[in-house]
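Working notes, beginning with the structure itself.
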Amino acid sequence: MSTSSKHCCGYRAGCMAKQDLSSLRAGPSATPTGLQRPQGHTPLSLRARPLGEAGSSLHEPAGLGSPPVWPLYGYCYQDSNDIPDTLTTITELGSPLEMIQLLQTSWEDRFRICLSLVRLLHYLAHSPLGSVTLLDFRPRQFVIVDGELKVTDLDDASVEESSCTSNSDCFMEFPARNFTLPCSVEGRCQSMNEKRNLYNAYRYFFTYLLPHSAPSSLRPLLDKIVNATGELHWGIDETAAQLERVLNLYKSGEYLQNTTRVPKAEYRRVPEAFIPDENYRCWPSYHHKGCLLSVFDVNEAIEICDSYSQCKAFVLTNQTTWTGRQLVFFKMASNHIVPDPDKITYVKVTD
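For the record, in the sequence shown the residue sitting at position 250 is 250 according to UniProt numbering, with numbers rising by one throughout.
Written as structure tokens, this is what we have:
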């Protein structure tokens, strides 16, 4: 199919001509498929797909227009003869989901991925279209936008709940586990779309990302969440409520209240000071060449430093994570301290 550029668009805010698209292309640092709108606007991404593949799902994102769903800003039919029958979609710019890289990030960032996934599934369970199931749940179906997970493609989504005459018709088969759901009096398998999404979230995401390296006082609740989703004991509403509870405990510092916090050493406070070197590595860390972790308060930083034999000092920065927790550098010595108005250094004076 070939059309002129004047027949090009389905852009929601008005038709965008091809010359306007070219003016939005990203700078040299962007990925080949990325483009950038003018300053202050949402980053965009271009995806070229065969018309038959993309055309059938163009309006599904519009029907589900919601933050967890990768928004479709517009689309253009290719009017170049060298790429026939091609449709280019204009979407928000996101990073591919790489599970191996995620496993190397902090627990706080991995928890954010799981939380945004559950918020997405909660939305899909209560969407304007009805309960939506994602038939393809592999990581390639998702992108990360500003640290949160969004679904990219609804070609493999379905709003049809399976019909049934008995419970045996409501059979869900997975590689390691099978489930039979109740058949309702209306002749539909109860919550099958929702439960399929939940179990896939468990097997693709929760088992790998939720419990590992989590704060010890949160582990029992996280294990409970993982086990409940793995057995399908909870629906999406309860799962979402429990993950929001974890978030509140973590952000408020309440998860620290049941831990014994008696410092093993004394520390000297040095305001407006920084230790530029003396780094050691820890895992997980926000810095690949040093030990940079998030803390709720100074007492938690002291507790962490006491737990590392090589830690002899730490530096509070003015940077925070998405939960509002402060980032702290942990150091193996304090031989060279330099002035820095935005940081506070604590030096261990006794062991």
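Cβ atoms here follow ideal geometry from the backbone N, Cα and C, with glycine treated the same way.
Beta strand (DSSP E) containing residue i: first to last residue?
i           : result
residue 326 : 326–331
residue 312 : Taken as a continuous stretch (DSSP letters only), residue 312 belongs to no beta strand (DSSP E), as it is neither H nor E.
residue 144 : 142–145
residue 292 : 291–295
residue 280 : Segment: none, residue 280 is in no beta strand (DSSP E) and carries neither H nor E.
residue 355 : It is not possible to answer for residue 355, since the shown part of the chain is limited to 1 through 351.
residue 353 : Residue 353 lies beyond the stretch modelled for the chain, which goes from 1 to 351, so this question has no answer here.
residue 323 : Element bounds for residue 323: n/a, residue is neither H nor E.
residue 178 : 178–180
residue 171 : 171–173
Kindly indicate the opening and closing residues of the alpha helix (DSSP H) around residue i.
i           : result
residue 195 : 192–201
residue 305 : 298–307
residue 123 : 107–125
residue 344 : Here residue 344 belongs to no alpha helix (DSSP H); instead the beta strand (DSSP E) covers 338–348.
residue 101 : 99–103
My understanding is that residue i touches residue j, with C-beta atoms under 8 Å, so please give their C-beta distance in whole angstroms.
i           : j           : result
residue 311 : residue 206 : Wrong, their Cβ atoms sit about 32 Å apart, outside the cutoff.
residue 144 : residue 221 : Between residue 221 and residue 144 the Cβ distance is about 25 Å, and since that is not below 8 Å, they are no contact.
residue 201 : residue 149 : Not confirmed; about 10 Å, so no contact.
residue 187 : residue 159 : About 16 Å separates the two Cβ atoms, so there is no contact after all.
residue 232 : residue 198 : 7 Å
residue 218 : residue 247 : The Cβ separation is near 10 Å, so there is no contact.
residue 331 : residue 278 : 4 Å
residue 339 : residue 240 : With 8 Å as the limit, residue 339 and residue 240 do not qualify as a contact, their Cβ atoms being about 47 Å apart.
residue 194 : residue 235 : 6 Å
Decide if residue i is buried, meaning its Cβ has at least 16 other Cβ atoms within 10 Å, or exposed.
i           : result
residue 107 : buried
residue 135 : exposed
residue 119 : buried
residue 165 : exposed
residue 212 : exposed
residue 121 : buried
residue 99  : exposed
residue 174 : exposed
residue 196 : buried
residue 178 : exposed
residue 191 : buried
residue 238 : exposed
residue 161 : buried
residue 347 : buried
residue 103 : exposed
Closer than 6 Å by C-beta to residue i: which residues in its own chain qualify, once you throw out the five before and the five after it? Chain order, please.
i           : result
residue 225 : 242
residue 301 : 295, 314, 328
residue 124 : 132
residue 349 : 266, 268
To which residues of the same chain is residue i closer than 8 Å at the C-beta, ignoring the five residues directly before and after it?
i           : result
residue 176 : 203
residue 167 : 180, 181, 182, 183
residue 140 : 96, 97
residue 189 : 161, 162, 163, 164, 169, 170, 181, 182, 183
residue 336 : 275, 276, 277, 278
residue 137 : 197, 200, 201, 204
Whose C-beta lies closer than 7 Å to the C-beta of residue i among residues of the same chain, with five residues either side of it excluded?
i           : result
residue 264 : 306
residue 215 : 255
residue 324 : 251
residue 321 : 108, 294, 327
residue 230 : 202
residue 147 : 109, 112, 322
residue 105 : 284
Indicate, with yes or no, if the ligand HEM has a heavy atom lying under 6 Å from the CB of residue i.
i           : result
residue 268 : As far as ligands go, the structure on display features none, and thus does not contain the ligand HEM.
Tell me the start and end of each unbroken alpha helix (DSSP H) in the stretch 195–273 that is at least 4 residues and wholly inside, in chain order. 219–230, 236–252
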